[in-house]
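>
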Amino acid sequence: MSAEAGKFKPGDKVRVKFEDRPGHIRTPWYIRGKIGWVERVYGDFLNPESLAFGRDGLPKKTLYLVGFNQRDVWDKSEGQRDKLLVDIYEHWLDPAA
Amino acid sequence: MSDSLVDEHGHEHPKHELSHYAKRIYAIRDLLLEKGVISDKDIQCQIEYQEARSPVNGARLVARAWVDPNFKARFIADPKAACAEMGIDATAINEFVVLENSEKVRHMVVCTLCSCYPRPILGRPPDWYKSFNYRQRAVSDPRGVMREFGLKLPEDVEVRVHDSTADIRYLVLPCRPKGTEGWTESELAKLVSRDSMIGVMDALPAIPQ
Chain E
-8 MSAEAGKFKP GDKVRVKFED RPGHIRTPWY IRGKIGWVER VYGDFLNPES LAFGRDGLPK
52 KTLYLVGFNQ RDVWDKSEGQ RDKLLVDIYE HWLDPAA
Chain Z
214 MSDSLVDEHG HEHPKHELSH YAKRIYAIRD LLLEKGVISD KDIQCQIEYQ EARSPVNGAR
274 LVARAWVDPN FKARFIADPK AACAEMGIDA TAINEFVVLE NSEKVRHMVV CTLCSCYPRP
334 ILGRPPDWYK SFNYRQRAVS DPRGVMREFG LKLPEDVEVR VHDSTADIRY LVLPCRPKGT
394 EGWTESELAK LVSRDSMIGV MDALPAIPQ
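So the sequences go chain by chain: E and Z. Taking the working numbering, the leading residue of the first sequence gets -8, the next gets one more, and so forth. Taking the working numbering, the leading residue of the second sequence gets 214, the next gets one more, and so forth.
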């Protein structure tokens, strides 16, 4: 698991971009626009949005494990400390204050 | 769809009315065969390969991790190497991550986008794993889903739901059931259910021997 690239590091607050476009998008709807934090940097992977259409997947995209509080995503949560963790590529993330 | 079992291409088709998706997959299969991209033998080999993989693989890994702390450390640090050590072929997985449960933390895995699943370790996913209901509720009401599987967690336990949306495949390492001290690895493996490795429930309870 190479982690040489990527502009975010564990602990950084990030906001998932709220975008919509056709194609093989790997960022689920429910998490778009939400704020979380980088839990882990997984490294660089071929871009599935390109691979799905028979292209080469280059340039590679850094993949992050991004953590969210359940209550921040749904405005409610049975367990106050419950988390949601989603694998998100860097081009779907913006820094959050 | 003709009524005969063998259509004009010479391939067998089921006699009953097929769903839209089934018709589409048969049409794609016929085209791939007709154009020589794949052969009947390729399809049969792939079916056998898919069927040969089962949760038995995962149960062996978990039971070994329960009895051998050094193996557990290797399994968490480098799951694919630990699989190779056990003679389990995990090379088809791009990146493999093991999520260790504890009394205070429970993990649960879903793929809200499709049906990503650690197939070399667990075989084919159960139908419910692919259902819209599970995919929707696993992320929004994980404790409700766990209750339906018989797992009631205290409020102070942290539930961590992993939505495997990309190249990572996740396997939950459940807690070793109480009362299993001195059990052999193969006895323990019988307690490691498929669902405990998806994380919707704990490993099966120890039944006095």
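All residues carry an ideal CB built from backbone N, CA and C; glycine is no exception.
Beta carbons nearer than 8 Å to chain Z: which residues of the region 65 to 87 of chain E have them?
Answer set for the region 65 to 87 of chain E: Trp65, Glu69, Gly70, Gln71, Arg72, Asp73, Lys74, Leu75, Leu76, Val77, Asp78, Ile79, Tyr80.
> Residues of chain Z with CB closer than 9 Å to the CB of E:Leu133, please, in chain order.
Here chain E comprises residues numbered -8 to 88, so residue 133 of chain E is not present and cannot be evaluated.
> Below 8 Å on C-beta distance, what does E:Arg17 contact in chain Z?
Residue 17 of chain E sits at position 26 when you count from the first residue of the first sequence. Those are Leu326, Thr378, Ala379, listed as they occur along chain Z.
> For the region 24 to 38 of chain E, enumerate the residues whose C-beta is nearer than 7 Å to any C-beta of chain Z, in chain order.
Cβ contacts with chain Z come from Tyr33, Phe36.
> Counting only beta-carbon atoms, is Z:His375 nearer than 8 Å to chain E?
Taking the first residue of the second sequence as position 1, residue 375 of chain Z is located at position 162. Output row for Z:His375: interface = yes.
> Pull up the DSSP beta-bridge partners for E:Gly58, would you.
As a working note, residue 58 of chain E is residue 67 in the first sequence. The partner list for E:Gly58 (beta bridge, DSSP) reads E:Trp28, E:Leu76.
> Under DSSP, the alpha helix (DSSP H) around E:Tyr21 begins and ends at which residues?
Position 30 of the first sequence holds residue 21 of chain E. No alpha helix (DSSP H) holds E:Tyr21; DSSP gives it neither H nor E.
> By the 10 Å Cβ neighbour count, where 16 or more other Cβ atoms means buried, how is Z:Met299 classified, buried or exposed?
Position 86 of the second sequence holds residue 299 of chain Z. Under this definition Z:Met299 is an exposed residue.
> Compare the beta carbon distance of Z:Ala235 and Z:Ala402 with 8 Å and say whether it is the shorter of the two.
Along the second sequence, one-based indexing puts residue 235 of chain Z at 22. Along the second sequence, one-based indexing puts residue 402 of chain Z at 189. No.
> Report buried or exposed for E:Glu40, applying the criterion of at least 16 other Cβ atoms within 10 angstroms of its Cβ.
Position 49 of the first sequence, counting from 1, holds the residue named residue 40 of chain E. Counting Cβ neighbours within 10 Å, E:Glu40 comes out buried, since at least 16 surround it.
> Distance, Cα to Cα, Z:His375 vs Z:Ser315?
For the purposes of this step, residue 375 of chain Z is taken as the residue at position 162 of the second sequence. For the purposes of this step, residue 315 of chain Z is taken as the residue at position 102 of the second sequence. For Z:His375 and Z:Ser315, the distance between alpha carbons rounds to 16 Å.
> Under 8 Å between beta-carbons, which chain E residues line up against Z:Arg356? List them in chain order, please.
On the second sequence, residue 356 of chain Z is found 143 positions in, with the first residue counted as 1. Correct list: Glu69, Gly70, Asp73.
> Count the other CB atoms, across all protein chains shown, that sit within 10 Å of the CB of E:Met(-8); report buried if there are 16 or more and exposed otherwise.
As a working mapping, residue -8 of chain E is identified with position 1 in the first sequence. Confidence is the limiting factor: at E:Met(-8) the pLDDT is only 47, short of 50, which leaves the residue's position unreliable and the question unanswerable from this model.
> Can you give me the C-alpha to C-alpha distance between Z:Ser215 and Z:Leu244, rounded to a whole angstrom?
Along the second sequence, read from residue 1 onward, the residue named residue 215 of chain Z stands at position 2. Along the second sequence, read from residue 1 onward, the residue named residue 244 of chain Z stands at position 31. With a pLDDT of 43 at Z:Ser215, under the threshold of 50, the modelled position of this residue cannot be trusted; read the value that follows with caution. If you take the alpha carbons of Z:Ser215 and Z:Leu244, they lie about 18 Å apart.
> Tell me, which residues are paired with Z:Leu274 by DSSP?
Residue numbering aside, residue 274 of chain Z sits at position 61 when the second sequence is read from its first letter. BP columns for Z:Leu274 are empty, so no partner.
> Thinking C-alpha only, which one of Z:Ser252, Z:Ala265, Z:Trp279, Z:Glu230 is nearest Z:Val385?
Within the second sequence, numbered from 1, the residue matching residue 385 of chain Z stands at position 172. The option with the nearest alpha carbon to Z:Val385 is Z:Trp279.
> Taking the Cβ atom as the reference point for each residue, do Z:Ser377 and Z:Cys324 lie within a distance shorter than 8 Å?
Working through the second sequence from its first residue, we reach residue 377 of chain Z at position 164. Working through the second sequence from its first residue, we reach residue 324 of chain Z at position 111. Contact flag set, yes.
> Whole angstroms is fine: what's the gap from Z:Ile411's alpha carbon to E:Leu56's?
For the purposes of this step, residue 411 of chain Z is taken as the residue at position 198 of the second sequence. For the purposes of this step, residue 56 of chain E is taken as the residue at position 65 of the first sequence. If I take the Cα positions, the gap works out to 18 Å.
> Is there at least one Cβ from chain E nearer than 8 Å to Z:Glu361's Cβ?
Residue numbering aside, residue 361 of chain Z sits at position 148 when the second sequence is read from its first letter. No, its Cβ sits nowhere closer than 8 Å to a Cβ of chain E.
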